[in-house]
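Have a look at the structure below before the remarks.
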Amino acid sequence: MLKEIDCKEWKVVYAKYLQDYLYQRGFRKVIEIKYNKEGKLYTIKQNKLFIQIEKIDGKPLGLYNDKNIKEFVRVLAEFHNASEGFSKPPGVKMNVKWGKTLEKYKKLVKSLEKFKDIIKDKKDLTEFEKTVEPYVDSLLKRSKDIMKIFRSINYLMALEDSMKRKEICLNKISKNTALKTKRGIIIIDIFNSGYNMIEEDIAKLVKKVIEKTGKKDMFDVIISEYNKVRPLSQSSVEYIKAHVSFPYDTLKIISKYLKGEEVDLKKLKKAVYKDDICNLGV
Amino acid sequence: MRELISLIENKYNIKVLNIEKHKNVYKIYSDKNYCLKVSRYQREEFEFILACINHLLKKGFKNVLPIIKTCDGEDFIELNDSFAFLTDWVESRHLDFKNPVELKMAVETLANLHLASRNFQYKKVKGRNLYGKWIDKFEKRLNQLLIFKSIIVSKDEKTEFDKVYLKHIDIHYKQGLDSIKKLKQSRYFEIVEKHKRLNEFCHHDSANHNFLVDDLLNVYLIDFDYCVLDSHLHDLASIIIRSLRYGNWSIDTLKYILSIYSRIIPIEDQEVYLIYCFMEFPQDFWQVGLQYYVENQPWEEDVFLKRLFRVTEDHKERFNFLDEFYKELGVGLC
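Order-wise, the sequence lines are chains A and B. Residue numbers in the first sequence follow the numbering used here, run continuously in steps of one, and reach 1596 at the last position. Residue numbers in the second sequence follow the numbering used here, run continuously in steps of one, and reach 1761 at the last position.
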């Protein structure tokens, strides 16, 4: 079947090579990208990108049901196992995201410090500033505590190990990442995947699940399920916890505000709430 | 292109299946792939560059690609208006300085290059010896800032670039003066004299795109076109600037780089002070002015403006960082 996708052409080429690699290693829980009649991997029609994929009947994966979540965690761990060690052929582009999240965090913490500095002596605070002010110190403390973990020698060694092992992450986890089908969960979006520490994928999943379900204990459920397929070290669990607890959404909105972009107070409150329920106490 | 293919085939005895231009190099497809690096320098300078590379190879430096000799045993070939040499083509990507592990790999590579560069003996080549010349260079650049200012002031109609540049020129000029004053009061000449006796050279273009990393995490340093005789502190200060500028100013990262480098070549407190002085000079601000007012680079006005904004938008954070760096100097940073 023909499927429209929203990504660059090179991501399709990369995805096909990765999919072949996964199949060779016996992991078939990922959609098959096929060549079209012209022997090409994609067709561009009216500036839209279409790919030919196998026909699959299934529903988008909901991350609120424990059974689905556990199954997806196992599939994710299998994906991490199977994709590890992948090398792209010469001339093929792929995402390399090692260290990028840390850089984002650093910038966000810097923005928060700047924000604190700005409102310190300001007399007439805006509505946005008034809303954020009560949280600033705790947000700053939490972010800085987390950054200490990511600056540790142990973390740098773990990052280097991930690079040596050539770990691959899906990088994007949403309800559109996989389908629930008769033959189990099938990953349908590997286009944004690339080199990265697998802890980041797990953290993204945990965060998504806690946000959806409101249950912090899903962290332990996910870690325990993942461990059954791909054992995690104690340090890895600590890094996942740190990622989940980083108040990313709130800091992102504050950073946008500092750049003069329009920000919605409702979105801010929602972000504060979400980041709060994801605070696992690092 | 046909002429080039034929030259390569004759000189290197390889069958060229295809050739692609990638900036200053050509990718040559054959039984395996090769890289033909082209330099548009005069013979004397080009030979200096080759001598630096060969010295590193002789000293066992593993992070440079060996030069493949021609059938006649030469290191290079002559093209119409340039020279070129051949190496293997390495499937690789650029190191990302934002990834702390890759930054570490780059800093270690640079430090090892400096170690391997020691005892380099070569005849004098004009423009390639910067030992003891930081102050002269900075003074010349400061004078150029004054020239840029006079060009702007004398214009009847000022461009957006002129206005923004003029607005920021005095503060950067003052900072340049400070940097020179501090260098003059420092032990610069004494330290540099000590380093000069080591006969080291610098890569002098330690941008992340000149560090290639392959699948096995082997790092290759490329493009030695700008290499100069100078203290290793020059390259060290440059890589620090390149990792911190444009929004990444951080004392932690500075300490991180210094600690990695110091494990290979120890850095004394007075040397850290020289790095500070080097970093204080507003090199990027001067450079974008030079590109606009002197070199007349063939770029659209928008491109110049974008480059200028990148510097001016960064300047407050850079200034704050330098203040913090200055305060930390007393503590001993390494």
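By construction, the Cβ of each residue, glycine as well, lies at the ideal position given by its N, Cα and C atoms.
Item to check | Residues bridged to LYS1348 (chain A) [DSSP beta-bridge criterion] | outcome: Along the first sequence, one-based indexing puts residue 1348 (chain A) at 34. A:GLN1366.
Item to check | Euclidean distance between Cα positions of LEU1519 (chain A) and ARG1734 (chain B) | outcome: Counting from one through the first sequence, the residue named residue 1519 (chain A) turns up at place 205. Counting from one through the second sequence, the residue named residue 1734 (chain B) turns up at place 307. The alpha-carbon of LEU1519 (chain A) is positioned some 39 Å away from that of ARG1734 (chain B).
Next on the checklist: Contact defined as beta carbons within less than 8 Å: I believe SER1559 (chain A) pairs with ARG1479 (chain A). What is the distance between those atoms, to the nearest angstrom?
Outcome noted: One-based indexing of the first sequence puts residue 1559 (chain A) at position 245. One-based indexing of the first sequence puts residue 1479 (chain A) at position 165. The Cβ separation is near 25 Å, so there is no contact.
Checklist entry - Under a three-way DSSP split, which group does ASP1515 (chain B) fall into? => result Counted from its first residue, the second sequence places residue 1515 (chain B) at position 88. In the three-state reduction of the DSSP assignment, ASP1515 (chain B) falls in the strand class, which pools E and B.
Item to check | Through-space distance from VAL1387 (chain A) to ALA1329 (chain A), alpha-carbon basis | outcome: Taking the first residue of the first sequence as position 1, residue 1329 (chain A) is located at position 15. Taking the first residue of the first sequence as position 1, residue 1387 (chain A) is located at position 73. Between ALA1329 (chain A) and VAL1387 (chain A), the C-alpha separation is close to 21 Å.
Checklist entry - What did DSSP end up calling CYS1761 (chain B) once you bin it into helix, strand or coil? => result The residue labelled residue 1761 (chain B) in the question sits at position 334 within the second sequence. The predicted model places CYS1761 (chain B) with a pLDDT of 49, which falls under 50 and marks its position as unreliable; any figure quoted below should be read in that light. Here CYS1761 (chain B) carries a coil assignment [DSSP, helix/strand/coil].
Next on the checklist: Which residues in chain B have a C-beta closer than 8 Å to the C-beta of LEU1473 (chain A)? List them in chain order.
Outcome noted: Taking the first sequence and counting its residues from 1, the one referred to as residue 1473 (chain A) is at position 159. Simply ASN1526, PRO1527, VAL1528.
Checklist entry - Which one or two residues does DSSP pair with GLY1508 (chain A) in a beta bridge? => result Translated into positions along the first sequence, residue 1508 (chain A) becomes position 194. Its beta-bridge partners are A:ASN1409, A:CYS1483.
Checklist entry - Quick one: which chain A residues come within Cβ less than 7 Å of ASP1679 (chain B)? => result Residue mapping note: residue 1679 (chain B) aligns to position 252 of the second sequence, counting from 1. By Cβ distance, chain A contributes ARG1465.
Checklist entry - According to the Cβ coordinates, are ASP1657 (chain B) and LEU1540 (chain B) closer than 8 Å? => result The sequence position of residue 1657 (chain B) within the second sequence is 230, counting from 1. The sequence position of residue 1540 (chain B) within the second sequence is 113, counting from 1. Going by beta carbons, ASP1657 (chain B) and LEU1540 (chain B) fall outside the 8 Å limit.
Checklist entry - What's the gap between the Cα of CYS1592 (chain A) and the Cα of LYS1521 (chain A)? => result The sequence position of residue 1592 (chain A) within the first sequence is 278, counting from 1. The sequence position of residue 1521 (chain A) within the first sequence is 207, counting from 1. Taken atom to atom, the span from the alpha-carbon of CYS1592 (chain A) to that of LYS1521 (chain A) is near 6 Å.
Next on the checklist: My parser needs the alpha helix (DSSP H) runs of 4 or more residues fully inside the segment 1379-1460 of chain A; what are they?
Outcome noted: Within the segment 1379-1460 of chain A, the complete alpha helix (DSSP H) runs of at least 4 residues are 1380-1397, 1414-1434, 1441-1446.
Checklist entry - Interface residues of chain B around LEU1401 (chain A) at Cβ under 8 Å? => result As a working mapping, residue 1401 (chain A) is identified with position 87 in the first sequence. The amino acid at residue 1401 (chain A) is misidentified as Leu; the sequence shows Ser. What SER1401 (chain A) touches in chain B, judged by beta-carbon distance under 8 Å, is ASP1642, going in chain order.
Next on the checklist: Rounded to whole angstroms, what is the Cα-Cα separation between LYS1542 (chain A) and ASP1515 (chain A)?
Outcome noted: As a first step, residue 1542 (chain A) is located in the first sequence; it is residue number 228 there, counting from the start. As a first step, residue 1515 (chain A) is located in the first sequence; it is residue number 201 there, counting from the start. One C-alpha to the other measures close to 17 Å.
Next on the checklist: At the level of alpha carbons, what is the spacing between CYS1498 (chain B) and ILE1504 (chain B)?
Outcome noted: The residue given as residue 1498 (chain B) occupies position 71 in the second sequence. The residue given as residue 1504 (chain B) occupies position 77 in the second sequence. Rounded to whole angstroms, CYS1498 (chain B) to ILE1504 (chain B) spans 11 Å at the Cα level.
Checklist entry - Would you say GLY1674 (chain B) reaches chain A, if we count a Cβ-Cβ gap shorter than 8 Å as a contact? => result In the second sequence, counting from the first residue as 1, residue 1674 (chain B) sits at position 247. Chain A, which has a Cβ nearer than 8 Å to the Cβ of GLY1674 (chain B), makes this yes.
Checklist entry - Can you name the residues of chain B whose CB is closer than 7 Å to the CB of PRO1404 (chain A)? => result Sequence index remark: in the first sequence, residue 1404 (chain A) carries index 90 (1-based). Here the neighbours are GLU1518.
Next on the checklist: Under 8 Å, CB to CB, which of the residues in the segment 1316-1334 of chain A have a partner in chain B?
Outcome noted: Within the segment 1316-1334 of chain A, no residue has a Cβ that lies closer than 8 Å to any Cβ of chain B.
Checklist entry - Roughly how many angstroms separate the alpha carbons of ASN1645 (chain B) and LYS1570 (chain A), rounded to a whole number? => result Taking the second sequence and counting its residues from 1, one reaches residue 1645 (chain B) at position 218. Taking the first sequence and counting its residues from 1, one reaches residue 1570 (chain A) at position 256. Cα-Cα distance, rounded: 39 Å.
Next on the checklist: Against chain B, with Cβ distances strictly below 8 Å, would LEU1426 (chain A) count as a contact?
Outcome noted: The residue given as residue 1426 (chain A) occupies position 112 in the first sequence. Taking Cβ atoms only, chain B never reaches closer than 8 Å to LEU1426 (chain A), which makes this a no.
Item to check | CA nearest to the CA of ASP1431 (chain A), picked from A:ASN1409, A:LYS1555, A:ASP1451 | outcome: The residue you call residue 1431 (chain A) lines up with position 117 of the first sequence. Looking at A:ASN1409, A:LYS1555, A:ASP1451, the one whose alpha-carbon comes closest to that of ASP1431 (chain A) is A:ASP1451.
Checklist entry - Got a sec, what are the start and stop residues for the beta strand (DSSP E) THR1497 (chain B) sits in? => result By 1-based counting over the second sequence, the position of residue 1497 (chain B) is 70. Going by DSSP, THR1497 (chain B) is part of no beta strand (DSSP E) at all; its letter is neither H nor E.
Checklist entry - Cβ of GLU1443 (chain A) less than 8 Å from any chain B Cβ? => result Translated into positions along the first sequence, residue 1443 (chain A) becomes position 129. With 8 Å as the cut-off, GLU1443 (chain A) does not count as an interface residue toward chain B.
Checklist entry - Alpha carbon to alpha carbon, what distance is there between TYR1439 (chain B) and ASP1696 (chain B)? => result For the purposes of this step, residue 1696 (chain B) is taken as residue 269 along the second sequence, with counting starting at 1. For the purposes of this step, residue 1439 (chain B) is taken as residue 12 along the second sequence, with counting starting at 1. When rounded, the distance between both Cα atoms is 50 Å.
Item to check | Helix, strand or coil at LYS1373 (chain A) according to DSSP, with G and I counted as helix | outcome: Working through the first sequence from its first residue, we reach residue 1373 (chain A) at position 59. If DSSP states are grouped into helix, strand and coil, LYS1373 (chain A) belongs with the strands.
Item to check | Beta-carbon neighbours of VAL1423 (chain A), restricted to chain B and to distances below 7 Å | outcome: Residue mapping note: residue 1423 (chain A) aligns to position 109 of the first sequence, counting from 1. For VAL1423 (chain A), there are no C-beta contacts with chain B under 7 Å, since the nearest C-beta of that chain is about 10 Å from it.
Checklist entry - If you run the structure through DSSP and keep just helix, strand and coil, what is HIS1630 (chain B)? => result In the second sequence, the residue the question calls residue 1630 (chain B) occupies position 203. Judged by DSSP in its simplified three-state form, HIS1630 (chain B) adopts coil rather than helix or strand.
Next on the checklist: For ASP1750 (chain B), would you say it is in contact with chain A, using Cβ-to-Cβ distances shorter than 8 Å as the test?
Outcome noted: Indexing the second sequence from 1 puts residue 1750 (chain B) at position 323. ASP1750 (chain B) does not count as touching chain A.
Checklist entry - Is the CB of ASP1711 (chain B) under 8 Å away from at least one CB in chain A? => result Stepping through the second sequence from its first residue, residue 1711 (chain B) is reached at position 284. The beta-carbon of ASP1711 (chain B) is placed no less than 8 Å from the nearest beta-carbon of chain A.
Checklist entry - In angstroms, rounded to a whole number, what distance separates the CA positions of ILE1562 (chain B) and ILE1607 (chain B)? => result Mapped onto the second sequence, residue 1562 (chain B) falls at position 135. Mapped onto the second sequence, residue 1607 (chain B) falls at position 180. One alpha carbon belongs to ILE1562 (chain B), the other to ILE1607 (chain B), and they sit about 6 Å apart.
Item to check | Counted within 10 angstroms of its Cβ, other Cβ atoms place SER1433 (chain B) as buried (16 or more) or exposed | outcome: In the second sequence, the residue the question calls residue 1433 (chain B) occupies position 6. So SER1433 (chain B) ends up on the exposed side.
Checklist entry - Roughly how many angstroms lie between the CA atoms of GLY1406 (chain B) and GLU1744 (chain B), to the nearest whole one? => result It is not possible to answer for residue 1406 (chain B), since the shown part of chain B is limited to 1428 through 1761.
Checklist entry - Grouping DSSP H, G and I as helix and E and B as strand, with all else coil, what is VAL1528 (chain B)? => result Within the second sequence, residue 1528 (chain B) is the residue found at index 101, counting from 1. Here VAL1528 (chain B) carries a helix assignment [DSSP, helix/strand/coil].
Checklist entry - To the nearest angstrom, how far is it from the Cα of GLU1323 (chain A) to the Cα of LEU1717 (chain B)? => result Here residue 1323 (chain A) corresponds to residue number 9 of the first sequence, with the count starting at 1. Here residue 1717 (chain B) corresponds to residue number 290 of the second sequence, with the count starting at 1. Roughly 39 Å between the two C-alpha positions.
Next on the checklist: Please list, in chain order, the residues of the segment 1472-1497 of chain A that have any C-beta partner in chain C closer than 7 Å.
Outcome noted: The structure shown contains no chain C; the protein chains it does contain are A and B.
Next on the checklist: Measuring straight from C-alpha to C-alpha, what distance separates THR1415 (chain A) and TYR1453 (chain B)?
Outcome noted: Numbered from 1 along the first sequence, position 101 holds the residue referred to as residue 1415 (chain A). Numbered from 1 along the second sequence, position 26 holds the residue referred to as residue 1453 (chain B). Computed Cα separation, rounded: 34 Å.
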